[in-house]
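Asker: Throughout, the working numbering is defined as the position within the sequence shown, counted from one, plus 14.
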Amino acid sequence: MLDGCGREIDHLRLSLTDHCNLACRYCVPSGARPSPNMIDPSFAFELVKWLSVCHGIRRVRLTGGEPLLYGNLVPLVRRLASLSDLREITLTTNGQALGRLATPLREAGLSRINVSLDTLDPKRFTQLTRGGCVKQTLKGIEAAVHAGLTPLKLNMVVQRGFNDGDIVTTAKWGLEQGCIVRFLEVMPIGPLAHVIDAHLVPAAEIIERLSECFTLKPLKQPLGQPAVDYAVRAGDLRGVIGVIAPTTQPFCERCRRIRVTARGSVVACVHDSRHHGLSHCWDGQRFDAAEADRILENAIMEKPAKGPNSQTVTMISLGG
Numbered sequence: 015m016l017d018g019c020g021r022e023i024d025h026l027r028l029s030l031t032d033h034c035n036l037a038c039r040y041c042v043p044s045g046a047r048p049s050p051n052m053i054d055p056s057f058a059f060e061l062v063k064w065l066s067v068c069h070g071i072r073r074v075r076l077t078g079g080e081p082l083l084y085g086n087l088v089p090l091v092r093r094l095a096s097l098s099d100l101r102e103i104t105l106t107t108n109g110q111a112l113g114r115l116a117t118p119l120r121e122a123g124l125s126r127i128n129v130s131l132d133t134l135d136p137k138r139f140t141q142l143t144r145g146g147c148v149k150q151t152l153k154g155i156e157a158a159v160h161a162g163l164t165p166l167k168l169n170m171v172v173q174r175g176f177n178d179g180d181i182v183t184t185a186k187w188g189l190e191q192g193c194i195v196r197f198l199e200v201m202p203i204g205p206l207a208h209v210i211d212a213h214l215v216p217a218a219e220i221i222e223r224l225s226e227c228f229t230l231k232p233l234k235q236p237l238g239q240p241a242v243d244y245a246v247r248a249g250d251l252r253g254v255i256g257v258i259a260p261t262t263q264p265f266c267e268r269c270r271r272i273r274v275t276a277r278g279s280v281v282a283c284v285h286d287s288r289h290h291g292l293s294h295c296w297d298g299q300r301f302d303a304a305e306a307d308r309i310l311e312n313a314i315m316e317k318p319a320k321g322p323n324s325q326t327v328t329m330i331s332l333g334g
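1) Are the stretch 225-232 and the stretch 165-174 in contact at 8 Å, needing three or more beta carbon pairs?
2) How about residue 11 and residue 184: do their beta carbons lie closer than 8 Å?
3) Return the bridge partner residues of residue 185 from the DSSP annotation.
4) DSSP three-state call for residue 173: helix, strand or coil?
5) Taking Cβ to Cβ, would you say residue 306 is nearer than 8 Å to residue 29?
6) Just to confirm the assignment, what range does the beta strand (DSSP E) spanning residue 231 have?
7) Could you tell me which residues DSSP puts in a beta bridge with residue 129?
8) Express the C-alpha separation of residue 54 and residue 296 in angstroms, rounding to a whole number.
9) Going by the DSSP bridge assignment, what does residue 255 pair with across the sheet?
10) Just the Cα atoms here: how many angstroms apart are residue 250 and residue 108?
11) Find the nearest neighbour of residue 331 within the set 211, 206, 266 and 217, judged by alpha-carbon distance.
12) Which one of 68, 76, 47 and 50 has the shortest CA to CA distance from residue 91?
13) From what residue to what residue does the alpha helix (DSSP H) around residue 160 run?
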């Protein structure tokens, strides 16, 4: 599946729900939120089956909101794992409910997992997430590693004035657990753009801080990967650290992904306000592949060469 710029599209981010048990400042606006959306599990399966068999999608990441709040998660993973055309099924979570679900998810066929961990400090964690408990996330990480959902990737969104002093501490802790540690620039998007932009810590500064404690050696980037990974060493401590810089070093030219939201809309570019609804292609029993083909083609061919920064909704609505 090639877009209008000749990029092969083989990654899907599928949002199962736009509901979350946290309210991280770079993702969720403050104030009241509307009732959550949950994608129909049979629709989700037929959607992924169609995309993998007919359109070359090979890697699926389940997102939210918080996907662990999706009641049909384990059965859906089990069904997705039966699709022979998929090479990988992953999931991104805040880890608050991971302790009890790590083993069932691994047994169902989940390949690996990404966990958001913006700080190890309990007070800052609660502040950044507006109510989360860091101990719950750490228990979830331990359970996921024990279950074999590895290599587990820790994602830290670096925010000036909130957690930028925790970069090295988080890196060392994650490497000690055997995790790949990823540091992400804040991505100003939608209604939160003007708020979040003030907290941007550029990738160059993140790397500079890491270089003070680690020896960094760049690694070859797999196709479609947004992160620049480094083999790192500090004494006997070794591992992999990655930096994702969507704001100062956009990776649009190597983007291979599309999103489907919990409302059933295709989003070809996270920075583009154009959404293409697919939910009407599902009547509760049958998936209209012919109509979906037409909608998908329009969405893919409209995928811009570079993100136009015209997004009007928040990340929690788009699917992480």
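Yeah, the Cβ is synthetic: ideal placement off N, Cα and C, and Gly gets one too.
Answerer: Walking through what the data contain:
1) no
2) Outside the shown range of the chain, which is 15 to 334, sits residue 11, and nothing can be said about it.
3) None, per the DSSP bridge assignment.
4) strand
5) no
6) 229-232
7) 107 and 168
8) 9 Å
9) 195 and 244
10) 29 Å
11) 206
12) 76
13) 148-161
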